[in-house]
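Asks: Let me begin by handing over the structure; questions about it come next.
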Amino acid sequence: MDIKALLKQKKSVKSSITKLLKKTEDEIRELNNVSLLVRKNRFLELRTEIKDIFNSIIRSCEDRDEETYCTEKDDILDELEAVLVSIDTQLAPPVVNSDFEARKQNSDQVSVSSQSAEVKLPTLSLPIFSGATEKWLAFSDLFEAAVSNNQNLTGAQKLQYLKGSLKSDALKIVNSLSITNDNFEIAWKLLKDRYFNKREIVSSLMKKFINITPLSGESSTQILNLIDSTKEFVRTLESLEYKIDLTTDTLLMHIILFKLDTNSRIWFERTFSTDVIPKLDELLQFLATQARSITSSTSKRNVQKKVTLVASKAQSQCPLCNKDHSLSKCESFLKLSVQKRSEFVKSNNVCFNCLTQFHGIKACKSKFRCRTCKKPHHTLLHFESVSGRGRQTSGELSNSSKLSINAPVFKPASVSNESSSKEIPDNSQTVDITSCISNVSPNVEILLCTAVIRVKDLWGNYQACRCLLDSGSQASLITSECLEKLGLRKQKANIRISCLGSADTRTNGIAQIQFIPHFPSQSSFKTEVYVVNKIVGMLPHQNLDLSYSDLFNDLTLADPMFHKSSQVILLGIDLTLPLLKGQTLSMGEDKPFAVRSELGWVIGGKASSFSPTLHVNNIHLVSDDIIHKFWELDSVPQTHPLTSSERSCEEYFKETHSKDKDGRYIVRLPFNSCPTQLGQSKQTAIRRLFSIERHLSCDPEKYNRYRQFMNEYLKLNHMIVVPESELDKPNSYYLPHHAVLRDSSSTTKLRVVFDGSCKTSSGHSLNDCLMVGPRVQPELFPILIQFRVFQVAVCADVEKMFRQIKVHEDDVDWQRILWRNSPEDAIREYRLVTVTYGTACAPFLSTRTLRQLALDEVKDYPLASKATLCNFYVDDLLGGAGSREEAIQLVTEMQAMMKKGGFHLRKWISNEPSIFREVFIDSQEKEFVHLDDGDCKVLGLGWSPCLDVFRFTVVPDQLEATYTKRGVLSQMARVFDPLGLLSPCVIFMKILLQQLWQGKFSWDQPLPDELSSIWRTFQEELHLLKRVTFPRYVLKPNAVVEVHGFCDASEKAYCAAIYIRCISIDSIRVSLLTSKTRVAPLKVQSLPRLELCSALLLANLLQATLPALTVRISETFAWSDSKITLAWLKSEPRRWQPFVANRVAQIQELTHNVHWNFVSGLENPADCGTRGILPIKLEQCDLWFNGPDWLKSSTFPNEEFEENPQLQEDMSAEAKRTSKVIMLNVVDENFKVEVFQKLSSWNKLKRIVAYCLRFVKNCSLATCQRKRSFLTTA
């Protein structure tokens, strides 16, 4: 919360205190003891509230205002303390109304009830209790003193006061009790049974005590708060009959000790000798003395000169040589270098400003400053400005367009050894920018690299535009004004752009531009640009002297008018680096430099200027897809029709795939456009190779693994050397490569990934020319559902699956790479002859080939073929069988079928490892079998094969004082739960995430205390999820299987959960199969509508789950605790408004074979996933794990509900509005004659008249009572 909001809150609370103080002073003699207790409690609440507000203000305010707020706070607290003493003095021991007692003595025959009725009860302002366990003791003590022990009140009156003092969960416990004398004792006992839990109270107190905010400095307010919190903690423990023994006292003392600031801790340690263990009371007494000393030294009323607390004998003693002189006059200190002086000052708790001990620079009261720079540090600690010195001469430039290894490379100006050895102090001002300049002067203009390009407009003409080559941007940008001048069209694009300082902006769309250099050239470039209102100001920021242009008059400049100020288009890193050729020309110290590029020589560097403004450009592209991935995991999978591009890719594979003589598959790269449009890529590959070599040279172990990977690639003939005769082949593409480390992998720790998205000189990459292809394997969700119905589970993965598939010889030149084992060797060119990870089509080609193998071998290996088509996720097999014999047959067939296609399965895992001993007789095969008892990962889920249960291991971040949205989202993304088994905990995080988005917090903005406290509590318990287990196998052999789905909603979220019920002869087993949750939409909807949304979620979940179950389902049930939802589902959708009608129609279509029933809210397990449950409570939630108890019995609840008036009213709120139109036509007496003349049949006349009479009658009847059948006689 910012300082303005805190001051506003302080003003409001202070006003309340003033009014209550004045009111109490006027009424204190007239108030009875009950009212005095209530008034005292109100003052205590206000004291706590104002203390918290002032503490927040003091932490947020500037140093010069801290003393003012501390004084104001002390004044208010003094006034509150005075009135509390007055109230305590006024209070009498018995809490009884004296007037009532006198009347009672005079009339003994009056009944107790009548006496109570005559008493005029005060209006009690009791505290509100909402269900927080840690607040129960304070509430119960006050309520018992003010109400429960008051003999003047009847039980009914006490219960009425009690209900008025409760809210939220606490009120729900007693809300159903009627207001009678007897029910008060029942209500109070229910509350005590629920909230007077010593274990929970002590646990809550310990968390609160451990999380006390450490002292940020020598502040009397913070010290007093620490003392009060500690004493309150001890008193509460003693009230719970917990004795503070010597060991506990020592532990508490050390916890408080580590909450102190450095100075206070040092002074306390000096108070005791090393062999004495201080007690908690001694520490608190020391802190009280410390607080009084600080208050007296900083008091406004002290007219003497202010001094620090430690202005004693230690001040006159030098901390370096321990002689009687100050540190600034110490000869030993003066002989040290500035860096050594700075290190000594830091390590010995010496002030940087006045060179005295035991306080920091923020608490320093000295007004002296550095004589050199006038900044708050001592002159002896002043660092001279670091100026870059260095000169680079131009090398011999080549006219060749190819990258030369000997070309001069621009380097930052070097720093002298003397200056580089100095350390900049913490309070010095530094500028951190991505630049090649070692120091920044306000009189120096930094020229950014610009170029003039000719952009093709809508009519085919080329218009001159200025562009900025920015290697710090992930995207290319263009202004709306420039795009309108070019007449180009833009498409919609929902992209957020983050700039320096976390400032965000939104794009107006995306467009494509084509441009060429401003001079005659054969080069042409095409790229996508995001449209924004403004990119940057004028570049350069002011016109420079014309002499700078004369420095480069013999070069073909990319921007001949680089010294003139104008606006620009921005080209991102994907174009900037390919355009640069690497050759540079330095014109000397403090002068611009030139870099050669495809657009000409670009100018950058220093130029003299008189503008003090520093401009830094740093653009980062943030797509909403990052956030969508978090929600996509918890979505119900849905099938989508193939696009035209996906259908073309599928047909192309069918037409072009083949096999070699060994049975390996050969595939063609599916190009969506002619690959000859790719430009030069070899120069970029050389630069990337040099870069990865420099990086790997700093980590020899990683470099060795990289070599091993590439040598294995070459040894297995997955890449071959390009013959010298084909080195200059024009149609080729060079793939840069880099390393990816994965320590969790049990086989390959380091993998080399190839970059098929690297742009060529034409602006296109290989991936731009390739089709991605459709998904040919099932989604993750149905594979995991099927995995839970196999009695014997079998897992494996395909070894090097991508590299077992060959690429056609006509396409291998589009997969060239550069490599050498060491920088001393010559660079060699290779072809990758297999499907390559990093190309856009690689996942499709590999999974489609695996599918083709299953289709080709379905006759010989039916079990293996079915498992390959249904139970493979990329290269991982999650299959199984219904019996041990079937599992052995499956493993045997899988091995044989995979060998036919050149594949090999490894890392076999099963809950019945004995099946592998009968299949793998060869000892070499046994090396690939997982036989230990530890946990393993299957598609990201932790699985213990020995116990056959799923586990969840979440490593929480370290607890921090403040949290940000970035840190919270990072932790949430680590909870991988595709089946929704942890939905009650996951929905807790989703609700918090929605609150973060509603609050519009920036990524690195500290969260408010309320949200931080909620997240800290959840994070502390996150590790407890490792104790929660779910059985993998949810069925029973030879059992009747039923599916039961439950749905529920709250104002925050809604949930759907599915349970499997297996009925055998001897027992019934119920297991949670899957669940999904959704947070309630930001637009507030009624609870009946949210209940209907939960029913739709359940319908979609059943639609996705039932086909994945490979067992026979006898019946499927759906349960809801919303009667109005069930009534809607039994009616015609067209009766309701569109929101309800559309969802009802969808549910009826998806669940036409499902029995919908009513379930009580207390027995609905989906309720657990609508409000959120902390991990510590999830483990004990049997309702979530096993469903309601009646699922394990033979009878179900059969509660029929009637359409009562309230239900009719709720349903009518969503009814479609209809109107009736009645038209009357008055005719004359000639009507009868005309009818008789037109009709010649008496019977026909009777029927017409009868129909008319029935129509008139039906108009006055309700719809359900109208007659529509054939005519009948009366």
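For the sequence shown, our numbering gives the first residue as 294, with consecutive numbering after it.
Using N, Cα and C, we set each Cβ at its ideal position, and we do this for glycine too.
#1: Which runs of the alpha helix (DSSP H), 4 residues or longer, sit entirely within the stretch 323 to 374?
#2: Rounded to a whole number of angstroms, what is the C-alpha to C-alpha distance between L1572 and P1067?
#3: Quick check on the DSSP output: the alpha helix (DSSP H) that includes D867 runs from which residue to which?
#4: Can you list, in chain order, the residues of its chain with a C-beta nearer than 8 Å to that of K995? Leave out the 5 residues immediately preceding and following it.
#5: Report, in whole angstroms, the separation of the C-beta atoms of S890 and A851, which I expect to be a contact under 8 Å.
#6: Using three-state DSSP, classify P1490 as helix, strand or coil.
#7: Within the same chain, show all residues whose beta-carbon is closer than 6 Å to that of M1191, passing over the 5 residues directly before and after it, in chain order.
#8: State whether the stretch 1005 to 1021 contacts the stretch 1047 to 1063, with contact taken as three or more CB pairs (one from each stretch) at a distance under 8 Å.
#9: Please name the residue in M499, D538, W429, F526 whose C-alpha comes closest to that of D486.
#10: Thinking just about the alpha-carbon of each residue, which of N1435, E1384, T1398, Q1439 is nearest to the one in W1412?
#11: Relative to the C-alpha of E821, which candidate in A978, L776, F845 has its C-alpha closest?
#12: Going straight from the alpha carbon of N445 to that of A439, what length do you get?
#13: Is S974 closer than 8 Å to G865 when the C-beta atoms are compared?
#14: Please classify P1426 as buried or exposed, where buried requires at least 16 neighbouring CB atoms within 10 angstroms.
#15: Are K344 and N504 touching if we call contact CB-CB under 8 Å?
#16: Distance, Cα to Cα, R987 vs R980?
#17: On the CB-based measure, 16 or more other CB atoms within 10 Å of its CB, does G1292 come out buried or exposed?
#18: In three-state terms, what does DSSP make of L1234?
#19: Counting only runs that start and end within the stretch 481 to 550, where is the alpha helix (DSSP H) found for 4 or more residues in a row?
#20: Does the beta-carbon of V1593 have 16 or more other beta-carbons within 10 angstroms, so that it is buried, or is it exposed?
#21: So, do the stretch 1071 to 1088 and the stretch 1169 to 1181 have three or more beta carbon pairs nearer to each other than 8 Å?
#22: Could you tell me which residues DSSP puts in a beta bridge with K952?
#23: Quick check on the DSSP output: the alpha helix (DSSP H) that includes P993 runs from which residue to which?
#24: Is the CB-CB distance between A757 and H811 below 8 Å?
#25: Do you know whose CA, among K667, L1546, K628, C611, lies nearest V643's CA?
#26: Inspect the beta-carbon positions of L1390 and C1340 and report whether they are closer than 8 Å.
#27: Kindly identify the DSSP beta-bridge partner or partners of D1153.
#28: State the start and end residues of the unbroken beta strand (DSSP E) segment that holds D1048.
#29: Is W752 helix, strand or coil by DSSP?
#30: Can you tell me which residues form a DSSP beta bridge with G893?
#31: Please name the residue in E1344, C1051, E1507 whose C-alpha comes closest to that of P1431.
#32: Counting only runs that start and end within the stretch 1318 to 1381, where is the beta strand (DSSP E) found for 3 or more residues in a row?
#33: Which partner residues does H1448 have in the DSSP bridge list?
#34: Determine whether the beta carbon atoms of G1194 and R957 lie at a separation below 8 Å.
#35: Using 8 Å as the cut-off, can you tell me whether the stretch 1321 to 1335 makes contact with the stretch 1234 to 1243, which would need three or more C-beta pairs spanning the two stretches below that distance?
#36: Please report the Cβ distance between A1189 and E1205, rounded to the nearest whole angstrom; I am assuming they are in contact, meaning their Cβ atoms lie under 8 Å.
Replies: In terms of the structure at hand:
#1: 326 to 353
#2: Look at the range of the chain in this structure, 294 to 1567, and you will see that residue 1572 is not part of it.
#3: 866 to 872
#4: L989, A1032, L1034, L1043
#5: 6 Å
#6: coil
#7: L1198
#8: no
#9: W429
#10: E1384
#11: L776
#12: 11 Å
#13: no
#14: buried
#15: no
#16: 11 Å
#17: exposed
#18: strand
#19: 491 to 503, 513 to 532, 539 to 550
#20: In this structure the chain extends from 294 to 1567, so residue 1593 is not present and cannot be described.
#21: yes
#22: Y958
#23: 993 to 1008
#24: yes
#25: C611
#26: yes
#27: D1153 pairs with nothing; no bridge assigned.
#28: It is not in any beta strand (DSSP E) - D1048 carries neither H nor E in the DSSP assignment.
#29: coil
#30: S890
#31: E1507
#32: 1322 to 1324, 1333 to 1342, 1346 to 1356, 1361 to 1372
#33: F1410
#34: yes
#35: yes
#36: The pair is not a contact, with the Cβ atoms about 20 Å apart (cut-off 8 Å).
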